[in-house]
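Here is the structure we will look at.
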Amino acid sequence: MAPIYSRIIATGSALPERVVSNTDLEKIVDTSDEWIRTRTGIRQRHIAADGETTGDLAFLAAQRALDEAGVKASELDLIVLGTTTPDIIFPSTACLVQQRLGANGCAAFDVNAACSGFMYALGIADKFIRSGQSKKVLVIGAETLTRMIDWNDRETCVLFGDGAGAVVLEASSEPGIHATCMHADGGYKELLWNPVGVSAGFKDEPNHGVRIKMAGREVFKVAVKTLDALVDETLQAAGMQASQIDWLIPHQANLRIIEATAKRLAMPMERVIVTVDQHANTSSGSVPLALDYAVRSGKVQRGQNLLLEAFGGGFTWASALLRY
Ligand code: UT7
């Protein structure tokens with residue numbers, strides 16, 4: 020039987036309207052635009068309005084991707100949504116988005132792999148298509164991470180933003196996605212986490228109920244090392260050389276991490292998609308937001324090879340090498 024591949028046929032994204040600059044944050048915590056720019060590359064972030072949820076952003080991104088694809092929601096046979104900030108505990112945000120799109124009946128579920136959520140969702144969707152189980156899949160990465168930030172903690176509050184991105188995947192006789200890789204190591208859980216929840220219990224103290232905790236310097240070191248190994252593994256899995264990659268579309272956490280991965284691949288920064296300056300770290304939203312920006316700005320062209328990767332809490336890390 021001829022192999023089945025999955026192909027990205029369209030992308031979409033959504034950002035909250037409200038933009039908060041580094042200078043705005045100088046008024047809240049002891050920080051500076053200069054520190055944030057030089058240590059992270061971030062200049063601004065979008066922050067969800069009161070009442071605006073992960074599902075709202077996911078729905079908009081999904082609708083834009085479906086419109087671009089010319090695919091009706093009723094044609095979808097699977098929705099996979101990466102998020103660590105679901106609207107409610109259950110139903111999953113994927114189910115909430117499914118209902119709003121009018122795709123009722125197809126399978127729909129969330130994946131929680133922190134910042135690697137979209138990359139995990141993409142890898143899972145690819146396997147559903149390759150197995151013949153699904154023909155048209157909506158893959159979303161969406162977050163409102165600023166909802167669980169401690170606005171008194173300058174070490175974390177300057178880093179994150181809200182947003183969503185989506186892709187429509189379709190079964191094809193041509194690649195498509197050449198290879199995906201997924202990993203996790205729960206041994207690192209305490210370096211980047213939000214240690215409250217349903218079963219462990221929420222806490223009542225004001226401003227301490229739900230918040231992200233991160234040992235930034237340690238996360239940085241492991242991220243760089245791990246992503247180096249991940250891009251090597253992904254190239255090997257796809258049977259390709261770094262020189263065949265047209266664009267690196269990395270997780271947008273820190274420009275210095277992105278530059279380190281580009282260096283590993285010997286890729287000039289002109290071939291790397293950077294949106295961290297505009298969006299900050301939107302966790303699962305980061306890679307699909309960057310991909311949609313790259314497509315809509317005309318940088319990424321059909322037939323080009325893209326290397327997508329992400330690293331986040333867990334730790335989790337995942338990648339995809341695909342022909343767009
Ligand atoms: O998406 C999931 C993956 N997450 C990441 O990849 C994040 C990885 N980590 C990072 O991006 C970086 O480690 C940070 C941006 C979080 C921090 O940068 P750094 O170069 O590792 O700084 P540092 O933590 O070593 O801190 C340097 C100094 C410290 O002061 P002292 O101890 O040298 O006096 C911090 O207290 O910078 C201070 N600092 C700040 N100063 C101004 C920390 N945060 C701030 C701030 N404004 N917002």
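Each residue of the sequence shown is one higher than the one before, starting from 20 at the first, in my numbering.
Where a beta carbon is used, it is the ideal one built from N, C-alpha and C, also for glycine.
Keep in mind that this is a model prediction, so the values were computed, not measured.
Nonlocal neighbours in the same chain, by C-beta distance under 7 Å from residue i, ignoring five residues either side
i, result
"L115", "G74, D106"
"V349", "Since the first residue of the chain shown is 20 and the last is 343, residue 349 is not available in this structure."
"A285", "A261"
"V90", "K155, V187"
"F147", "L97, S153, V156"
Strand pairing of residue i, partner residues [DSSP]
i, result
"V187", "A29, L157"
"D181", "T163"
"C200", "S338"
"W212", "K232"
"E328", "P269, S338"
"A300", "According to the sequence shown, residue 300 is Asn rather than Ala. Note: N300 sits in a beta bridge opposite F179."
"Q63", "S40"
"F128", "V99"
"G220", "G216"
Residue i in three-state terms, based on DSSP
i, result
"T104", "coil"
"V293", "coil"
"P269", "strand"
"M288", "helix"
"K232", "strand"
"Y24", "strand"
"E148", "Reading the sequence as shown, one finds Ile at residue 148 and not Glu. Three-state DSSP puts I148 in a helix."
"G322", "coil"
"G195", "coil"
"L246", "helix"
"G333", "coil"
"E71", "coil"
"V48", "coil"
"L34", "coil"
"W170", "coil"
"S316", "coil"
"K91", "coil"
"G136", "helix"
"A122", "coil"
"Q260", "coil"
"Y207", "helix"
"R110", "Looking at the sequence shown, residue 110 is not Arg but Pro. DSSP places P110 in coil when its eight states are reduced to three."
Among the options, the one whose alpha carbon lies nearest that of residue i
i, options, result
"W266", "V314, A234, T245, M233", "V314"
"S32", "V186, V99, V130, S51", "V186"
"G124", "T103, A113, D96, T112", "D96"
"A161", "E94, I66, N213", "I66"
"G136", "G332, R342, E252", "G332"
"L246", "I108, I264, C200", "C200"
"C134", "V306, G317, K318", "V306"
"A329", "A337, H197, Q323", "A337"
"Q263", "T294, A242, L249, G322", "G322"
"R119", "D145, F78, V99, S150", "F78"
"Y290", "H298, I268, S316", "Note that residue 290 is Arg in the sequence shown here, rather than Tyr. Here the closest residue by C-alpha is I268."
"A183", "M288, L85, L100", "L100"
"A10", "S93, I27, E189", "The question about residue 10 has no answer, for the chain in this structure spans 20 to 343."
"S153", "S191, R83, Y139, N131", "S191"
"Y139", "G304, S316, Y312", "G304"
"G195", "I28, Q117, Y312", "I28"
"A257", "L326, R26, H298, A309", "L326"
"A279", "V48, L76, V243", "V243"
Residues near residue i in its chain [Cβ-Cβ closer than 8 Å; skip 5 each side]
i, result
"E174", "M233, G235"
"L164", "T103, T104, F179, G180, D181, I231, N300, T301, S302"
"R275", "R58, T59, G60, F239"
"T42", "D52"
"E36", "H65, A68"
Cut-off 6 Å between Cβ atoms - residues of its own chain near residue i, not counting five sequence neighbours on either side
i, result
"L141", "V158, A339"
"F334", "D204, Y207"
"A126", "L97"
"L211", "M233, V238, G332"
"E272", "Here residue 272 turns out to be Ala, not Glu, going by the sequence shown. The answer, listed in chain order, is N300."
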